[in-house]
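Protein chains in written order, with my numbering: chain A, 240 to 462; chain B, 240 to 462.
Protein chains: 2
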Amino acid sequence: MKRRRARVRRDLRNEILSFIARWYQQERTYPTVREIQKGLKISSPSVVDYHLRRLEEGGLIGRVGRRARGIRLRHWPDGLPPPDDLIPIPFLGPIAAGQPIPNPNTEPIAWIRIPRTWLGDPADLFALRVQGNSMIDALVKDGDWIIVKPVQQVKNGEMAVVWLLDRHETTLKHFYLEEDRVRLQPAHPTMAPLYVPAEVVQIQGKVVHILRNLNGFPPPIEG
Amino acid sequence: MKRRRARVRRDLRNEILSFIARWYQQERTYPTVREIQKGLKISSPSVVDYHLRRLEEGGLIGRVGRRARGIRLRHWPDGLPPPDDLIPIPFLGPIAAGQPIPNPNTEPIAWIRIPRTWLGDPADLFALRVQGNSMIDALVKDGDWIIVKPVQQVKNGEMAVVWLLDRHETTLKHFYLEEDRVRLQPAHPTMAPLYVPAEVVQIQGKVVHILRNLNGFPPPIEG
DNA sequence: CTTGACATCGAACAAATGTTCGGATAAGAT
DNA sequence: ATCTTATCCGAACATTTGTTCGATGTCAAG
């Protein structure tokens, strides 16, 4: 007699992997074999065990002995950010309209720790501190922190750190390439955009995060 | 026949508590009853169980069902800081000019984790998310997160969440009490202040932190 | 179609983990 | 001393959890 059986799930392995990641994000702990089984409606714990072994062979997960909840994620599946730990971002100095931003390769003045989930790929990110209110149209004010990813190009609509060659000025604007000119749109929704020739726009990086501390506590910096 | 027994350990309870904390710091997971037993050289798991129940009664720990590794630390023992500085803040809902903010006692929609160093006393804090651009004069825009401490009064100069009784409006302004009137100063440095009679100002809380995520990643929420 | 690698299945076993129970001892109050 | 409460003890029980096993089904390549 033929046993009835579910169709082979093509990427059950990846489903398991991301299930583990999601579970960890929510519970701050790893699931048991049977919790995975129930969560993904798998018929038997042995199926889970089978895939866990393959994942371990592939180095994607690790396991701690035969202890309960001994699964450990080694690599986070695409699209799912790693858990909320704090990662240090180098603080390079001030940003002001009148001067170019510090070179990304300069020695950091300090380190500022940011929750990983707020950022994308944390590689190469650096932090600047807004000096003065000259960039108020970007909705940032004196004392704000901004986290920047150093890139040469940004997609249309992204907020960029721009150095304007003709007027020797740093500015934060949403970037739109339109034919041979560039539209630089302030974050402030009612303010007029700035149109400049593409060749005077030098993109320094992409703004990924902004934060403002209002309670007078010392900035979250570590030496 | 007299059974030989170790002298009563006066503060075994606290030993257990800090053992759990140390275990968590090192392993990023909570110990089992028997791991505590072995670690502290306690004769029986029932002794551990006994103290765990007392700790739970005292609210110092929590337990997740009868699952393996179901212990959760509620309060960290003195001298031992939490392993990461991220503390969960309840997210209560939107803030918009047209409506009052959610009641601080309402059930949180989710939790958002913020580095402790950016906040003062994290007790009672809650998070709101800005809806629309009606509070642009406070230099916050649609989608920004703001962390609020619920207080009845603020010091002069602090940024407050204010409900204006006469015009049924929520606003974020720097608060200055001047004789019998209140000056509400926008964060935007060039914008004119609003003067209102003190009795129409209802302070809902004090803004301690603002953050803006620009990279389109899902907000760091759990729960 | 045939084949072989891969995947699923159910059932059971083995180990771990949480919990209960009756009784004993220790420590402090009276 | 006597009493009361808190704590400890060992053993067993009940669940949960990890793992094994043999049989069987699925799927893509040849």
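The C-beta atom is built at its ideal place from N, Cα and C for all residues, glycine as well.
Close-in-space but distant-in-sequence residues of the same chain around residue i (CB under 7 Å, 5 per side omitted)
i	result
Pro341/A	Leu331, Gly332
Thr268/A	Arg308
Pro347/B	Pro329, Phe330, Leu331
Leu411/B	Met374, Ala377, Val379, Met398, Val400, Val446
Leu256/B	Leu294, Leu299, Pro316
Asn372/B	Lys380, Asp381
Gln370/A	Pro333, Ile334, Ala335, Asp381
Per DSSP, the bridge partner or partners of residue i
i	result
Leu367/A	Gly332/A, Ile385/A
Trp402/A	Thr409/A, Gln441/A
Tyr230/A	Nothing about residue 230/A can be read from this structure; chain A reaches only from 240 to 462.
Gln338/B	Ala335/B
Pro327/A	Arg352/A
Ile449/A	Ile385/A, Arg451/B
Contact belief for residue i with residue j at Cβ below 8 Å, rounded distance in angstroms
i	j	result
Ile334/B	Ile385/B	7 Å
Val279/B	Leu378/A	The question names Val, yet the displayed sequence has Leu at residue 279/B. Rounded, the Cβ-Cβ distance is 54 Å, inconsistent with contact.
Tyr415/A	Arg422/A	4 Å
Val447/B	Ala399/B	No, Val447/B and Ala399/B are not in contact; Cβ-Cβ is about 11 Å, not under 8 Å.
Pro270/B	Ile310/B	7 Å
Asp250/B	Val272/B	The Cβ separation is near 19 Å, so there is no contact.
Whole-angstrom distance between residue j and residue i, CA atom to CA atom
i	j	result
Pro329/A	Ile353/A	10 Å
Arg308/A	Arg368/B	35 Å
Val390/A	Arg302/A	38 Å
Gly444/A	Asp363/A	11 Å
His314/B	Trp350/A	28 Å
Phe258/B	Ile300/A	27 Å
Gly462/B	Ala366/B	Because the pLDDT at Gly462/B is just 42, under 50, the model does not fix this residue reliably, and the point stays unresolved.
Trp337/B	Arg248/A	Note that residue 337/B is Gly in the sequence shown, not Trp. Looking at the two C-alpha atoms, the distance is approximately 49 Å.
Pro339/B	Glu438/B	17 Å
Ser283/B	Gln276/B	7 Å
Gln265/B	Pro436/B	56 Å
Asp381/A	Ala426/B	11 Å
Asn452/B	Thr356/A	10 Å
Leu260/B	Val393/B	Position check: residue 260/B holds Ala in this sequence, whereas Leu was assumed. Taking the straight line from one Cα to the other gives about 36 Å.
Asn454/B	Gly359/A	7 Å
Pro316/A	Trp262/A	13 Å
Val387/B	His413/A	29 Å
Pro361/A	Asp324/A	12 Å
Glu254/A	Arg306/A	23 Å
Val286/A	Met430/A	59 Å
Gly396/A	Gln424/A	9 Å
Other residues of its chain near residue i: CB distance less than 8 Å, five sequence neighbours each side excluded
i	result
Arg252/A	His290, Arg293, Leu294
Glu408/A	Ala336, Gly337, Trp402
Gly298/A	Arg313, His314
Leu404/A	Glu438, Val439, Val440, Gln441
Beta-carbon proximity list for residue i, same chain, < 6 Å, skipping 5 on both sides
i	result
Leu450/A	Trp384
Tyr434/A	Arg420, Arg422
Whole alpha helix (DSSP H) runs in the region 275-325 of chain A with 4 or more residues, listed along the chain?
-> For secondary structure counted as the alpha helix (DSSP H) over 4 or more consecutive residues, the region 275-325 of chain A holds these complete runs in sequence order: 284-296.
Only counting runs of 3 or more residues, tell me where the beta strand (DSSP E) segments fall wholly within the region 420-447 of chain B, in order along the chain.
-> Runs of the beta strand (DSSP E) spanning 3 or more residues and lying entirely within the region 420-447 of chain B occur at 420-424, 433-436, in chain order.
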